[in-house]
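*Asks:* If you read the protein sequences in the order shown, they are chains P and C.
Under this note's numbering, the first sequence has 222 at position 222, and the numbering climbs by one with no breaks.
Under this note's numbering, the second sequence has 1111 at position 111, and the numbering climbs by one with no breaks.
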Amino acid sequence: MLTPINVSLESLNLITLAPMLIAIAGGLVILVLDLINKKLDKSLYVMLTVLILFIDLGSVLGLTVNERGFFDVMLIDGISIISQLMLIVASMIFIPLALTSKRFHEYSYPEFFALFLFMVAGFQFMVASDNLILIFVGIETASLALYTLIALHNRVNSYEAAVKYFTMGALAAAFFAMGSAVVYALTGSIELYKVAEVLAVRMNETGLMIAIFGSSVLLLVAFAFKLSLFPFHTWAPDVYEGASAPLAGYMSVVPKVAAFVVSIRIFGMYIDLGVEWVRIVILAMSVLTMTLANIMALVQNDVKRMLAYSSISHAGFIMAALALNTTDGNTAIFLYYALFMFTNLGAFAMLWISRHKKRRFNARYDHPYEKFAGLINIMPMGAVVMALFMLSLAGVPPFSVFWGKIYVMQAAVNSGYVWLAIIMGLNSAIAAYYYLKLIVYMFLKDPVKDVDTVYYNISKPLMAIIGLATIATVTAIFYIQPLISYLHDMISMSGY
Amino acid sequence: MDNILSVLVFFPAVAGLLGFVIDKESARAYGITVATIEFLLSLWLWFSFDMSDAGMQFVESIPLIPNIGISYYMGVDGISLFILIMTTLMTLIGMASMSVTKNIKNMIVTLLFLEMTMVGVFVALDAIIFYLFWELSLVPMLYIIGAWGGPLRVYASIKFFLYTFTGSLIMLVGMLFIAYTYYSVTGIWSFALTDWYMLVFPKSMQLWLFAAFFIGFAIKVPMFPFHTWIPYAHGQAPTIGSVILAAVLLKMGTYGFVRFSLPMFPDASVMAIAPIAVISIIMVIYTAMIAYAQKDMKQVIAYSSVSHMGIIMLGIFAMNAEGISGSVFQMLSHGIVSGALFMLVGVIYDRRHTKLLSEFGGLASVMPKYAVIFGIMLMAAVGLPLTMGFPGEFLVLLGFYKVSPIMTILAGTSIILGAVYMLRVMKKAFFGPVTNKENLKLKDLNSRETWSLIPLVAIVIWLGIYPKPVLEPIDNSVKAMLHFMDEKAITQEAKDIIKLSKSTKEAK
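#1: Out of Val1123(C), Ile1062(C), Thr1036(C) and Ser1061(C), which has the shortest C-alpha to C-alpha gap to Ile1079(C)?
#2: I think Met20(P) touches Phe125(P), with their Cβ atoms under 8 Å apart; what is that distance to the nearest whole Å?
#3: If I measure Cβ to Cβ from Ser143(P) and keep anything under 7 Å in the same chain, skipping five residues before and after, which residues do I get?
#4: One question on the structure: do Thr1088(C) and Glu1135(C) come within less than 8 Å of each other, judged by their Cβ atoms?
#5: Over the uninterrupted alpha helix (DSSP H) stretch that includes Tyr1292(C), give me the two end residues.
#6: From Arg1259(C), Phe1317(C) and Ala1237(C), pick the residue whose C-alpha is nearest to that of Ile1273(C); which is it?
#7: If you drop the 5 nearest sequence neighbours on each side, which residues of the same chain put their C-beta closer than 7 Å to that of Ile1497(C)?
#8: Is Asp446(P) buried or exposed, if buried means 16 or more other CB atoms sit within 10 Å of its CB?
#9: Among Leu345(P), Val303(P), Trp352(P) and Ile36(P), which has the Cα closest to the Cα of Val89(P)?
#10: Flag this pair as yes or no: are the beta carbons of Val65(P) and Ile82(P) separated by less than 8 Å?
#11: I'd like the ranges of any alpha helix (DSSP H) spanning at least 4 consecutive residues and lying wholly in the region 1410-1493 of chain C.
#12: Name the chain C residues whose beta carbon is nearer than 7 Å to that of Asn414(P)?
#13: What is the residue span of the alpha helix (DSSP H) that Met1028(C) lies within?
#14: Return the chain-ordered ranges of every alpha helix (DSSP H) run that is complete within the region 1141-1226 of chain C and spans a minimum of 4 residues.
#15: Ordered along the chain, which non-local residues of its own chain (more than five positions away) have a Cβ less than 7 Å from that of Phe1390(C)?
#16: Beta carbon of Ser1190(C), beta carbon of Phe1342(C): below 8 Å?
#17: According to the neighbour-count rule (16 or more other Cβ atoms, all chains shown, within 10 Å of its Cβ), is Phe1020(C) buried or exposed?
#18: Helix, strand or coil: which one does DSSP assign to Pro1238(C)?
#19: Look at the Cβ atom of Asp1267(C), then the Cβ atom of Ile1490(C), and state whether they are nearer than 8 Å.
#20: Would Gly67(P) and Ala161(P) be called neighbours here (beta carbons separated by less than 8 Å)?
#21: Using three-state DSSP, classify Val448(P) as helix, strand or coil.
#22: Would Trp352(P) pass as a contact of Pro255(P) if the rule is Cβ separation under 8 Å?
#23: Given that a residue counts as buried once 16 or more other Cβ atoms are within 10 Å of its Cβ, and exposed if not, what is His314(P)?
#24: Give me the chain P residues within the contact set of Ala1147(C), using Cβ-Cβ distance strictly less than 7 Å, ordered along the chain.
#25: On the three-pair Cβ rule with 8 Å, is the region 1028-1036 of chain C touching the region 1050-1068 of chain C?
#26: Buried or exposed: which applies to Arg265(P), given that a residue is buried once 16 or more other Cβ atoms fall within 10 Å of its Cβ?
#27: For Thr1504(C), would you say it is in contact with chain P, using Cβ-to-Cβ distances shorter than 8 Å as the test?
#28: Using beta-carbon positions only, say whether Ala347(P) and Met290(P) come within less than 8 Å of one another.
#29: Look up Tyr365(P) in the DSSP assignment and say whether it is helix, strand or coil.
#30: Any C-beta of chain C within less than 7 Å: which residues of the region 70-82 of chain P qualify?
#31: Against chain C, with Cβ distances strictly below 8 Å, would Gln300(P) count as a contact?
#32: Quick check on Tyr429(P) - is its C-beta less than 8 Å from some C-beta in chain C?
#33: Go through its chain and collect everything with a Cβ distance to Ala1507(C)'s Cβ below 6 Å, but skip five positions before and after it.
#34: Would you check if the distance between the CB atom of Tyr336(P) and the CB atom of Val440(P) is smaller than 8 Å?
#35: In whole angstroms, what separates the C-alpha of Tyr433(P) from that of Pro398(P)?
#36: Using a Cβ cut-off of 8 Å (strictly closer), state whether Ala421(P) contacts chain C.
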């Protein structure tokens, strides 16, 4: 006869689950509301989502650092708290972008908002655990919701994007599952801290290195897909192009932050164990990713595709910090994304306000460079704001991304990788060209078509969001210090 | 007013922001007023400057990002003081003489932002703050060239931006490396230049760091193999763009050498004397020859300006008080003279919409005032005694003579070559009969143009006859720097070269 298991409620530490449960409950509330009353406007759902995220934010802020909960599968350490905060803030900026002046298909469904909240919960699970199975569940919940959100945009290329992303995501999931299986076979555990303990003991056993090596390859491939690193990046531009502009901006930040957190946990462990090979591969991938994506971005005709390649290149840039595996390096990852988030979402929001139902400028692209020609004459503030975002992305001081860049480069120099810092510098110079290209179009060329059509989709909430992103971009110099010390403290507290 | 430097930096920026509100018709008057106030503030700085103190004055230091050692740290010494005054003066004069009418408000606002970045570069004592202003100065200039320039303006502006941007990113890596070294030695993060001066690097590391900074600065100067952006930038830029570019932006590079490379890497600098001297002499002679072959008046001035930057570089790497003081003085004279020459070319371009030398001839009889001022500026550019061009050039050559007489003689030929191409311009454009009928109707300088050029003429002659008030504070700071370098140098070779200059100085 089975003996009943005695589990006290306190030992479960359910509070660690609260943030995700709030998001999920919020999603359910939205679905129920829709069941009761079909005629509710999207603005209600948008605001409701923001409010739920607000409560979510509060519950994350209330967590104490370095706790475990729920049979020890939940891990609330510093990086899980800061990454959850970043996920939620980015989501709160993203969701009001639904309040456009024109109607779009996806926002007429309340399911969009419910799915969105489920996705946020998925990402939160992903970062708040070191259990490979829970991470897997988190990844899949989030990804499946995200595929649907892309497809809801209801255009031919958004279906294409969703299917492409789904296929690639499924492949990555398979690699992740196989990698975890190998890890389990090696160590008999799927909890990373136990895995590390067992591996540390067994490192010197003959014949085992090949298996450790194999597990790292499989996991690396899985995350290279998620982080769109070369040579697994090819899906990214098409998916970004097919998704609506805000969602593309969102995808360039939030899923990547979540994937970086898991990468820090997994590959940081490998590097700590002395598997130098992982570091070399990550460095090689990051250098190739930033360089090739930059070169590809040079030849794009569409601003959105350019921004997609630029996001890939930024991800490669940050990946290098992961290989350093120092507290500075890990701080750099979060600092970079915290700054990049505002600028990049702002840039994609600027594309969003110029979105038309039909392609007016080019049969193939939604946002060709010509569309922005002479924007300074049509919409001076818009042009200036977009130029600020571009300069920030290019790494011109004192705008936000510059501080992220020098922090990453400083971290590289501190670890003795001067050559890496030089490559980063040269890549920033290459990247400057395509950002400048847009500035040149906006400021130095004459408009190609009638004046009234560029800022088609603008509305007050969108302007507010863009204004917020602009302020965050321009005044970065004043909040960098508290941001760095907070991130650095949280990360060193959790031992990375 | 202890925080006058902050006021100097941010006054134009605030004025630029407020400028968006000013009515289009009044923008010009607004800009000139603001630039005048800024200039007066910089004069105030000069009068409250303690001439006998060779160190940094009006120092302001506020920790900005203590975690990584970045602070808002500013100060001014004899070297930067006059470059700063020259910056505000040339911005004012450039703005006053400006003939642009298209989008005048944008131009004024851009110029004011540019002024902020330029002043910022010369007063920053924190490497990151320096870098911040250095990079930021590219953006307004990109816009000025790109929006008001000639037919190839977009190409020229992008080339200008990318060239400088690439170089300075390499420099940034160098800065980060020094900061890390400082941290590993002292345990404190700092980007403050005065902290960095205390670091003594081994020779090989000095060479690498020198190279990193060299790339950043040499592109800006522009040194010989990296000079290809400048003919485009000058050729396409509007008059005001060329004036600011030649007068101030190029000085950032040479100033960087004096402020960063020499005191931080004395041994590497001494080792670099020979290669840099060779490059500088190539630059002097080669660009002088190109200048001679130009058909376009503005290109002649542009190449002559590059040629004179070679003299400045030579002086800096003479490693003695005469050479460096002379070259700082030459920076000022080059700023004023080449700025004035570009303005003069702009004057004729506004009237005829061409800059080709072959279109002109006999202008002296049609535009006497113009010809006189042009003549004075030309003579100053050539380095005629009693003009501002002379003391600087003379001191540079005197200083470098102690290092290498042969190279000095070679560089001295540049004065002759300079005279050749400059006089050719003079002859072709101003003397002889009026060959082109269109030139007969040309009007002489109007009062706006006259009154913006007269102060420059006055300065050129004043400082040509009596350079002491400017030269003395420069000399003070330069000697202090050399003394410091001498103490810091680790190789005997470097000590010898730097000492040599001191002993000869005492012998006098």
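Idealized CB from N, CA, C, for every residue including glycine.
*Replies:* So, to answer that:
#1: Val1123(C)
#2: 6 Å
#3: Gly169
#4: no
#5: Pro1266 to Ala1293
#6: Phe1317(C)
#7: Val1270 and Met1319
#8: exposed
#9: Leu345(P)
#10: no
#11: 1447-1465 and 1468-1488
#12: Tyr1180
#13: At residue 1028(C) the sequence reads Arg, which differs from the Met that was named. Taken as a continuous stretch (DSSP letters only), the alpha helix (DSSP H) holding Arg1028(C) covers Ala1027 to Phe1047.
#14: 1153-1186, 1193-1196 and 1203-1220
#15: Gly1383, Leu1384 and Gly1464
#16: no
#17: exposed
#18: coil
#19: yes
#20: The amino acid occupying residue 67(P) in the given sequence is Glu; Gly does not appear at that position. Cβ atoms of Glu67(P) and Ala161(P): not closer than 8 Å.
#21: coil
#22: no
#23: buried
#24: Phe443 and Leu444
#25: no
#26: buried
#27: With a pLDDT of 48 at Thr1504(C), under the threshold of 50, the predicted position of this residue should be treated as unreliable, and no value is reported.
#28: no
#29: coil
#30: none
#31: no
#32: Residue 429(P) is actually Ala in this sequence, not Tyr. Judged by the 8 Å Cβ criterion, Ala429(P) is in contact with chain C.
#33: Low confidence applies here, because Ala1507(C) scores a pLDDT of 42, under 50, leaving its location unreliable; read the following figure in that light. Excluding positions up to five away in sequence, the list is empty.
#34: no
#35: 19 Å
#36: yes
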